[in-house]
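What follows is a set of notes on a single structure, which appears directly below.
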Amino acid sequence: EADIYQTPRYLVIGTGKKITLECSQTMGHDKMYWYQQDPGMELHLIHYSYGVNSTEKGDLSSESTVSRIRTEHFPLTLESARPSHTSQYLCASSERETQPQHFGDGTRLSIL
Amino acid sequence: RKEVEQDPGPFNVPEGATVAFNCTYSNSASQSFFWYRQDCRKEPKLLMSVYSSGNEDGRFTAQLNRASQYISLLIRDSKLSDSATYLCVLGGSQGNLIFGKGTKLSVKP
Numbered sequence: 007e008a009d010i011y012q013t014p015r016y017l018v019i020g021t022g023k024k025i026t027l028e029c030s031q032t033m034g035h036d037k038m039y040w041y042q043q044d045p046g047m048e049l050h051l052i053h054y055s056y057g058v059n060s061t062e063k064g065d066l067s068s069e070s071t072v073s074r075i076r077t078e079h080f081p082l083t084l085e086s087a088r089p090s091h092t093s094q095y096l097c098a099s100s101e102r103e104t105q106p107q108h109f110g111d112g113t114r115l116s117i118l
Numbered sequence: 019r020k021e022v023e024q025d026p027g028p029f030n031v032p033e034g035a036t037v038a039f040n041c042t043y044s045n046s047a048s049q050s051f052f053w054y055r056q057d058c059r060k061e062p063k064l065l066m067s068v069y070s071s072g073n074e075d076g077r078f079t080a081q082l083n084r085a086s087q088y089i090s091l092l093i094r095d096s097k098l099s100d101s102a103t104y105l106c107v108l109g110g111s112q113g114n115l116i117f118g119k120g121t122k123l124s125v126k127p
């Protein structure tokens, strides 16, 4: 099973703050993904990366940005958080695209 | 037509029951198929891959019907711990995975 870690697990913060959600994996997977999921709703892909210096936007438009400077690290940043950004953010990785993705525990973000 | 469609449920079944979920997909070129399980407020976890010949893992059986473009998951002898949302997942045309909305299962004593 892939080892993939997300921090923080929970974050409650005020409007206008800059936020970085961390995601790291120790499996050497090239493919990494960020999903957004509201309670009781489906997963939406917001960003993905196929390797270092590769980042792409997903199906759901998001005001967040990502970077992939190192294989193991795929942070997501919100420059100015708003209440509409309140959601759960899930990071995943896989050895190859279309292979099973392994998920981190997620970050529950609440913007006041 | 949505890429992946599932009956949202909930399916409320007694312990020991057999329950089956179906999932239909629109992209006939999809090559990979999976069932994931997601517990409330938790991350999705891979339950099993779905192979063309069908496959079984303990009480769980997955089948793929390419002609009709659907996959199924059968759970035998349901346990209370099977209560969760089951996500149908397939490989997308852009090389990523497409997740269904999920089917909620509630197993009662």
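So the sequences go chain by chain: G and V. Under my numbering, the first residue of the first sequence carries the number 7, and numbering increases by one thereafter. Under my numbering, the first residue of the second sequence carries the number 19, and numbering increases by one thereafter. Cβ coordinates follow ideal geometry from the N, Cα and C atoms, glycine included. None of the values given here were measured: they were computed from a predicted structure.
In terms of Cβ geometry, Val37/V and Phe52/V do not form a close pair [threshold 8 Å]. Around Phe80/G, no beta-carbon contact reaches into chain V at under 9 Å, the shortest distance being about 14 Å. With respect to the C-alpha of Ala102/V, the residue from Val22/V, Asn30/V, Asp75/V, Gly76/V having the closest C-alpha is Asn30/V. For Ser44/V, the closest alpha carbon among the candidates Gln24/V, Val125/V, Thr79/V, Ser124/V is that of Gln24/V. Here Gly109/V is not near Cys41/V, since their CB atoms are 8 Å or more apart.
Contact check for Leu115/G against Leu51/G fails: the beta carbons are separated by 8 Å or more. Here the alpha carbon of Asn73/V sits roughly 30 Å from the alpha carbon of Thr32/G.
Taking the Cα positions, Ala98/G is about 20 Å away from Gln49/V. Judged by DSSP in its simplified three-state form, His91/G adopts helix. Under a criterion of Cβ atoms nearer than 8 Å, no residue of chain G is adjacent to Gln87/V; the nearest Cβ is some 17 Å distant.
DSSP places Met66/V inside the beta strand (DSSP E), whose first and last residues are 62-68. Counting other Cβ atoms within 10 Å of its Cβ, Ala85/V stays below 16 and is therefore classed as exposed. Counting the other CB atoms within 10 Å of its CB gives Asn83/V a total below 16, which places it among the exposed residues. Linking His79/G to Pro14/G through their CA atoms gives a straight-line distance of about 14 Å.
With contacts defined as CB atoms closer than 8 Å, Ser100/G and Val72/G fail to qualify as a contacting pair. In terms of beta-carbon proximity, Ser50/V lines the interface with chain G, with at least one pair separated by less than 8 Å. The Cβ-Cβ distance between Ser86/G and Lys24/G falls below 8 Å.
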